[in-house]
Amino acid sequence: MDVLYTAEAVSTGHGRTGHVTAGSYIDLEVAPPTEMGGSGKGTNPEQLFAAGYAACFHSALHAVARGHKVSLQDSSVGGRVHIGPNGQGGYQLAVLLEVVLPGVEPELAQQLADEAHQVCPYSNATRGNIEVTVTVSED
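So for the sequence shown, the numbering used here puts the first residue at 359; every next one is plus one.
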């Protein structure tokens, strides 16, 4: 792979309970959510993954739309990352991405979302590893 960019982050403390930094913009306390026995007083890795995936997918969506000469106005991508037991003593993730493309016909919106799912680096990294559901919604 020809590398275009490398992101770096550092986790200190005890992993899910500690601190993460990345560049000069991310400097966060991390803590498990209360649902997983934590304090909930901090960002958790699943929130960071949801934010990264949503932003990356939104970028892919805009690139695909440009290729179709479709202008996206007020578009958004919401990301939900679910975590739960995998039945083997560990945990697994599942992702739901909700795409909103105001003013774009539903059939075209679904086509753009499907194409973005093929080019998004996060989608390519997770394909075949975790369940990812992409839905198109009107709001």
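The C-beta atom is built at its ideal place from N, Cα and C for all residues, glycine as well.
These figures come from a predicted structure and were not determined experimentally.
With a 10 Å radius around its C-beta and 16 neighbouring C-beta atoms as the bar for buried, classify Gly442 as buried or exposed.
-> As a position in the sequence shown, residue 442 is number 84, starting the count at 1. Exposed is the call here.
Would you kindly check if the distance between the Cβ of Leu455 and the Cβ of Val490 is under 8 Å?
-> Position 132 of the sequence shown holds residue 490. Position 97 of the sequence shown holds residue 455. When the beta-carbon positions are compared, Val490 and Leu455 come within less than 8 Å of each other.
Exposed or buried, what is Tyr503 when buried is set at 16 or more other beta-carbons lying within 10 Å of its beta-carbon?
-> Nothing about residue 503 can be read from this structure; the chain reaches only from 359 to 497.
Nearest CA to the CA of Gly381: which residue from Ala474, Ser369, Ser429?
-> Translated into the one-based positions of the sequence shown, residue 381 becomes position 23. Comparing Cα positions, the closest option is Ser369.
Which partner residues of Gly387 appear in the DSSP bridge assignment?
-> As a first step, residue 387 must be located in the sequence shown, where it is residue number 29. According to the sequence provided, residue 387 is Glu. The question's Gly does not apply to it. Partner(s): His377.
With which residues is Gln450 paired in a DSSP beta bridge?
-> Counting from 1 along the sequence shown, the entry for residue 450 is found at position 92. According to DSSP, Gln450 bridges with Gly442.
Ordered along the chain, which non-local residues of its own chain (more than five positions away) have a Cβ less than 7 Å from that of Gly398?
-> For the purposes of this step, residue 398 is identified with residue 40 of the sequence shown, where counting begins at 1. Closer than 7 Å at the Cβ level, and outside the excluded window around Gly398, lie Ala389, Pro391, Thr392.
Have a look at the DSSP bridge pairing and note the partners of His372.
-> Numbered from its first residue, the sequence shown carries residue 372 at position 14. According to DSSP, His372 bridges with Thr375.
Taking C-beta to C-beta, are Ser409 and Gly437 nearer than 8 Å?
-> To locate residue 409, count along the sequence shown from 1; it is residue 51. To locate residue 437, count along the sequence shown from 1; it is residue 79. Contrary to the premise, residue 409 reads as Ala rather than Ser in this sequence. A contact, by the Cβ cut-off of 8 Å.
What residues match up with Leu455 in a beta bridge as DSSP calls it?
-> Along the sequence shown, read from residue 1 onward, the residue named residue 455 stands at position 97. Gly437, Val492.
How many Å lie between Met346 and Arg374 at the Cα?
-> One cannot answer for residue 346 here, as it falls past the ends of the chain, which runs 359 to 497.
Option in Ala467, Thr379, Gly376 with minimal Cα separation from Leu430 | Locating residue 430 in the sequence shown gives position 72, where the first residue counts as 1. Closest option to Leu430, Cα to Cα, is Ala467.
Opening and closing residue of the alpha helix (DSSP H) in which Val477 lies = Locating residue 477 in the sequence shown gives position 119, where the first residue counts as 1. Note, Val477: alpha helix (DSSP H), 464 to 477.
What did DSSP end up calling Thr401 once you bin it into helix, strand or coil?
-> Taking the first residue of the sequence shown as 1, we reach residue 401 at position 43. Reduced to three states, the DSSP call for Thr401 is strand.
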